[in-house]
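Data first, discussion second: the structure below is written as structure tokens.
Residue numbers (my numbering), protein chains in the order written: chain A, 1 to 103; chain B, 104 to 781; chain C, 782 to 949.
Written as structure tokens, this is what we have:
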């Protein structure tokens, strides 16, 4: 019970995780790893919401996190299905080779 | 001044009816049958002529106002300047209107016969009606600006009509030349208008002339500048030195056009303008002197050239330039009424001469060279007799019309103290008589030099393919007929007869008191030229003897010209050739119009062309304009190729840009709020 | 104790994230992500969101991450190759990421006084438990969104089945 952790610390932690997620998104070349970095970003945001819910003493932040989780689950399902479809046609999971949309 | 009870709005019909004719013939005339086109054109000219006749009756009646005005909505209304569409009719306008609508109507009738088989018949009448519209506007205008509209418009109509046979290079070039040379004059007119606005704050005639009249001490200075610029405009329109070069080339147009525009009406617009602005010119003796000298110089110069031309229409063209010089001379010595009187008689006999020449050309199936004419008086008698009336009239032999008007001018020139100008005018009169009778003898007398030849036309056509201004647009090579010299149809001869009668009696309205007449024209124009010029003031006092003496001398000179022409071209036909052979260089110089066209071309046209091609076209058009366009295109292309790189298709690069964009949005959200709130 | 919890599991989360970044084989990255999620679950619990902590473990790391691992193994994804790919990602992206981080931390740090501090097990109120709190809102006020999400999941299932199906 001694030292209390300031809310700002949680927020900074979330910011750190978010930035690492962005960096991973930019660096990694495997499609699935890129997708995972998106999940990391989502988690960082969840932490922010929970911290603010704790600060304002309201439950709506947590409700938000609940819905984020649901949507993340759905998104992960569909996204991975797409990745599987891509793998079937391209035989590779390299992000740089999925560039048919270039002008 | 206009009586409030009478409505003069019907004045608008005078210009608007021909304009309606132009619109109808110009838009659907191509599809209409010839008869309908003719009917439209003639009605739209006849009704204005009738209105003018009515106007004459109204304004000559006792108690009629001297001036009537019709004002419409304001045209331009800005602080410091208001210009209305306004027409004014005074006695000067009446004479001009009479010439324009009367002679114009006669020439319309003539053209119906002359152009009967031409391609583009509807176009001709559309343009002719357009010309009538603009000329009426010019003459009726109450302000400088409206007159300028008419001024420019007649230049446009002239260009269209000179270049009527547009498939001929020479005709197209002549049209261009006319328009461009006119433009130089118009430039002077425009500058004069700017000065007038600056000086008087208005362009209305009444306003400007009142401002001058109430200030009797105002002479010279800016008034001279305005007057000289107006003179430049008049010189361009009325083909005086140095801007006369377009008129001889304008003979490329059909002969009725030459008759109407380049003899009777358009070229007299300059004279009319000088007469209208006589109040202004009266305050600038310098400008008047310039006018007189230009007039006299042009008269004698053009007469010189006219004496050795071979083309019948060219002779008449130079004769027109010369006679316009007379009118200028009259205005220059202050005898405006005399100038207008000569304008009136000149309209009659010059139109007659041109129309008769057209009849001759038509009779010879397109021949215009007088060396290939001769002995025509038995073949085309009516044309011969009418042309004779015209020739006698222009030579100034009494009692034909030209004598009274020309003599009045010479007398006024003498009486105003410019004896040298009088002498120049006298010599010119002799030369005029000489070359007109030369034309007369060469065309109608002597042995026949023309060929009755097979030519390319279908029988009964009024006009045929040949050199000069008489080109048919579609030649039908299959039909070949021998074609004999034939008289023109009555639709063409009718106006000739009427104009011939007018050439005889037309001068009788201006018989001076010295010869027992009443000088009705002079008195008729008194309300216009209200302040008698010094010349007119002295004429009252000077003896009639001087006038009779001078008249006698000019008749002698005219008869002398006749005599010389008779001996050169009838009695001993080879005399002229022998004289020419004795001084070939001089003869060639005059025959080639003193090489004026060539001089202009070398001095003005060629440098301008080079400047345009090299500098304007090459540097500015190619460099700046094209360069700006290319630069705009190139910049866009360059920028877009840069931006296109974003669309690489690579997911990671998109992600990179996304991150950057998100950071920017965050930045704006965090820090932008404070800015926005402020 | 809260401070200790926060430091330990915060560091663990960051370490896991960095490991995700640095590992070459995707299965290692997936397992690191599981570690991150577990630590986040502890942090949620320390912030008084017990239900979410449980959901995080069960749903997120228990289902979603397992799903990821399934796919990695299914596709037999190997180690990453080094391809050059895009320069824009590095040139533009890293500054962007860094900027995001700096902006966020600037805001959080400058307002840290206003945020206050947390209590372990800090609950929203003393009366009800967290789960009844959440469920009472979820099933009354937000019932419609709740049902809509179930439809969403249904749609996702259908989509996934269609997309991942072998072409016949």
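For glycine and all other residues, C-beta sits at the position ideal for the given N, C-alpha and C.
- Annotation: Cβ neighbours of residue 755 of chain B in chain A (cutoff 9 Å, chain order): 25, 26, 27, 28, 29, 34, 95, 96.
- The alpha-carbon of residue 786 of chain C is positioned some 50 Å away from that of residue 948 of chain C.
- In the structure shown, the three-state DSSP call for residue 283 of chain B is helix.
- For the C-beta of residue 889 of chain C, the chain A residues within less than 7 Å are, from N- to C-terminus, 8, 11, 12, 15.
- Cβ proximity to chain A below 7 Å picks out 747, 750, 751, 752, 753, 754, 755, 758, 759, 762 from the region 744 to 777 of chain B.
- Only 791, 794, 795, 798, 799, 801, 802, 807, 810, 811, 814, 817, 818, 821 from the region 791 to 822 of chain C bring a Cβ to less than 8 Å from some Cβ of chain A.
- Leaving aside the five residues that flank residue 807 of chain C on each side, the residues in its chain whose CB is nearer than 7 Å to its CB run, in chain order, 853, 858.
- One Cα belongs to residue 739 of chain B, the other to residue 873 of chain C, and the distance between them is close to 24 Å.
- Under the three-state reduction of DSSP, residue 359 of chain B is assigned to helix.
- Chain B has no Cβ within less than 9 Å of the Cβ of residue 80 of chain A.
- The count of Cβ pairs closer than 8 Å, one atom from the region 324 to 339 of chain B and one from the region 383 to 391 of chain B, reaches three, so the stretches are in contact.
- Pairing residue 653 of chain B with residue 445 of chain B, the inter-Cα distance amounts to about 17 Å.
- In this structure, DSSP gives residue 186 of chain B an extended state, which the three-state scheme calls strand.
- The region 653 to 667 of chain B makes contact with the region 490 to 509 of chain B, as at least three CB pairs between them are under 8 Å.
- No residue range can be given for residue 343 of chain B, since it is assigned to no alpha helix (DSSP H) and is classified by DSSP as neither H nor E.
- CA-CA distance, residue 274 of chain B to residue 317 of chain B, rounds to 49 Å.
- Residue C/893 holds the alpha-carbon nearest to the alpha-carbon of residue 7 of chain A among C/878, C/822, C/893.
- Residue 442 of chain B counts as buried, since at least 16 other C-beta atoms from the protein chains shown sit within 10 angstroms of its C-beta.
- For the pair residue 155 of chain B and residue 112 of chain B, the CB atoms are not nearer than the 9 Å cut-off.
- In the structure shown, residue 503 of chain B adopts coil according to DSSP, grouped into three states.
- By DSSP's assignment, residue 622 of chain B forms no beta bridge with any residue.
- Scanning its chain for C-beta atoms nearer than 6 Å, with the 5 sequence neighbours on each side dropped, one finds around residue 302 of chain B the residues 325, in chain order.
- The C-beta of residue 826 of chain C has 16 or more other C-beta atoms within 10 Å across all chains shown, which makes the residue buried.
- Close to residue 915 of chain C, with beta-carbon spacing below 8 Å, are these residues of chain A in chain order: 59, 62, 63, 66.
- Contact annotation: residue 486 of chain B and residue 596 of chain B have beta-carbon atoms nearer than 9 Å.
- Any Cβ of chain B closer than 9 Å to the Cβ of residue 875 of chain C would place that residue at the interface, and such an atom is present.
- Among the residues of chain B, those whose CB is under 9 Å from the CB of residue 100 of chain A are 752, following chain order.
- Secondary structure of residue 62 of chain A (DSSP, three-state): helix.
- Taking the CA atoms as reference points, residue 79 of chain A sits about 18 Å from residue 753 of chain B.
- Around residue 459 of chain B, the same chain offers 486, 489, 490, 493, 599 as residues with beta carbons nearer than 8 Å, after the five sequence neighbours per side are excluded.
- Burial of residue 451 of chain B is indicated by the presence of at least 16 other C-beta atoms within 10 angstroms of its C-beta.
- Sequence-distant Cβ neighbours of residue 42 of chain A in its own chain, meaning closer than 6 Å and more than five residues away, are 72.
- In this structure, the alpha-carbon of residue 57 of chain A lies about 17 Å from that of residue 834 of chain C.
- Per the DSSP secondary-structure output, residue 191 of chain B pairs in a beta bridge with B/172.
- By the C-beta criterion, the region 813 to 822 of chain C is judged to be in contact with the region 836 to 854 of chain C, since at least 3 inter-stretch pairs fall below 8 Å.
- The bridge partners DSSP lists for residue 307 of chain B are B/246.
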